[in-house]
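S.K.: In the order they appear, the protein sequences are chains A and B. Using the numbering used here, you'd call the opening residue of the first sequence number 5 and step up by one each time. Using the numbering used here, you'd call the opening residue of the second sequence number 5 and step up by one each time. By construction, the Cβ of each residue, glycine as well, lies at the ideal position given by its N, Cα and C atoms. Following this message is one structure expressed as structure tokens.
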Amino acid sequence: SQQGEEDPQALSIQEGENATMNCSYKTSINNLQWYRQNSGRGLVHLILIRSNEREKHSGRLRVTLDTSKKSSSLLITASRAADTASYFCATAQGAGTASKLTFGTGTRLQVTL
Amino acid sequence: DGGITQSPKYLFRKEGQNVTLSCEQNLNHDAMYWYRQDPGQGLRLIYYSQIVNDFQKGDIAEGYSVSREKKESFPLTVTSAQKNPTAFYLCASSKDDPGGRTQHFGDGTRLSIL
Numbered sequence: 005s006q007q008g009e010e011d012p013q014a015l016s017i018q019e020g021e022n023a024t025m026n027c028s029y030k031t032s033i034n035n036l037q038w039y040r041q042n043s044g045r046g047l048v049h050l051i052l053i054r055s056n057e058r059e060k061h062s063g064r065l066r067v068t069l070d071t072s073k074k075s076s077s078l079l080i081t082a083s084r085a086a087d088t089a090s091y092f093c094a095t096a097q098g099a100g101t102a103s104k105l106t107f108g109t110g111t112r113l114q115v116t117l
Numbered sequence: 005d006g007g008i009t010q011s012p013k014y015l016f017r018k019e020g021q022n023v024t025l026s027c028e029q030n031l032n033h034d035a036m037y038w039y040r041q042d043p044g045q046g047l048r049l050i051y052y053s054q055i056v057n058d059f060q061k062g063d064i065a066e067g068y069s070v071s072r073e074k075k076e077s078f079p080l081t082v083t084s085a086q087k088n089p090t091a092f093y094l095c096a097s098s099k100d101d102p103g104g105r106t107q108h109f110g111d112g113t114r115l116s117i118l
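Set out below in structure tokens:
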């Protein structure tokens, strides 16, 4: 089963603009993670936010988490052509060795010059 | 460099044939995972293993089998019972972390039917 639903499914922006992707999930979580996937490649971890955190930053990435609404957003500022990829949220229901990830359906981001 | 190696990159299966996908990691991670990704979709968990000689079914285990005889290796066999095996298969590993486990992925094996 897929816990997360991402919105929008696809997003096209110009270089220099900001990109915002949203993720909704259904059950309580231990943490929520965002991953990037370039075409035909594996996923790369971007950022993790714990259930007791509301906002986290990493470089040009800003993630927010609202556990009351069961939703998260990923903001990429000043986008570059190299940011073109699919972005997935993943939720962890357990902690430690019990932790598995459940992935959303992804947002395809296209950044044009 | 530490990482996860999946092989082969492309694999073709004939009717009635079992095929095995290789996944090797040198990150010294205890847990390993297999996912299936269909076009335009997210990842679905097939099997996972938290320690050597132990593994659990994920959400879509039917038609697949795994083994975990060594910490570094977690091969996936797609059996003839899996009637729709065409997909992109991703292997991942993770280590215990008080802050939360994150997963490291290989570059996948694309399986097609001949």
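Mind checking if T3 of chain B is an interface residue toward chain A, Cβ cutoff 9 Å exclusive?
M.R.: In the structure as shown, chain B begins at 5 and stops at 118. Residue 3 of chain B is therefore absent and cannot be evaluated.
S.K.: What separation, rounded to the nearest whole angstrom, lies between the Cα atoms of E57 of chain A and R66 of chain A?
M.R.: Roughly 13 Å between the two C-alpha positions.
S.K.: Of the residues A:S16, A:T68, A:F107 and A:E9, which one's Cα is nearest the Cα of T88 of chain A?
M.R.: It is A:S16.
S.K.: Measure the C-alpha to C-alpha separation of E59 of chain A and D101 of chain B and round it to an integer number of angstroms.
M.R.: For E59 of chain A and D101 of chain B, the distance between alpha carbons rounds to 20 Å.
S.K.: Going by CA-CA distance only, name the one from B:F16, B:S116 and B:Q29 that's closest to R72 of chain B.
M.R.: Checking every option, the nearest Cα to that of R72 of chain B belongs to B:Q29.
S.K.: Measure the alpha-carbon distance for W38 of chain A versus L52 of chain A and round it to whole angstroms.
M.R.: Cα to Cα, W38 of chain A sits roughly 7 Å from L52 of chain A.
S.K.: If we define contact as Cβ-Cβ less than 9 Å, is Y68 of chain B a contact residue for chain A?
M.R.: Output row for Y68 of chain B: interface = no.
S.K.: Does the beta carbon of A96 of chain A come closer than 9 Å to any beta carbon on chain C?
M.R.: This model lacks chain C altogether, as its protein chains are A and B.
S.K.: Can you list the residues of chain B that H49 of chain A reaches, using a CB-CB cut of under 9 Å?
M.R.: Result: T106, Q107, H108 and F109.
S.K.: Could you check whether the Cβ of G20 of chain A sits closer than 9 Å to any Cβ belonging to chain B?
M.R.: So, not an interface residue.
S.K.: Taking the beta strand (DSSP E) that K61 of chain B falls in, what are its first and last residues?
M.R.: Segment D58 to K61, the beta strand (DSSP E) holding K61 of chain B.
S.K.: Nearest-angstrom Cα distance between S5 of chain A and D63 of chain B?
M.R.: Confidence in S5 of chain A is poor, its pLDDT being 48 and thus under 50, which makes the residue's placement unreliable; the coordinate value appears in the next sentence. Approximately 7 Å, taken between the alpha carbons.
S.K.: Please return the same chain residues whose Cβ sits closer than 8 Å to the Cβ of L15 of chain B, not counting the five positions on each side in sequence.
M.R.: Cβ neighbours of L15 of chain B beyond the five flanking positions: V23, L25, T113, R114, L115 and S116.
S.K.: Kindly indicate if chain A contains any beta-carbon less than 9 Å away from that of G6 of chain B.
M.R.: Answer no: the Cβ-Cβ gap between G6 of chain B and chain A never drops below 9 Å.
S.K.: Kindly say whether L105 of chain A, judged by its beta-carbon, lies nearer than 9 Å to any beta-carbon of chain B.
M.R.: Judged by the 9 Å Cβ criterion, L105 of chain A is in contact with chain B.
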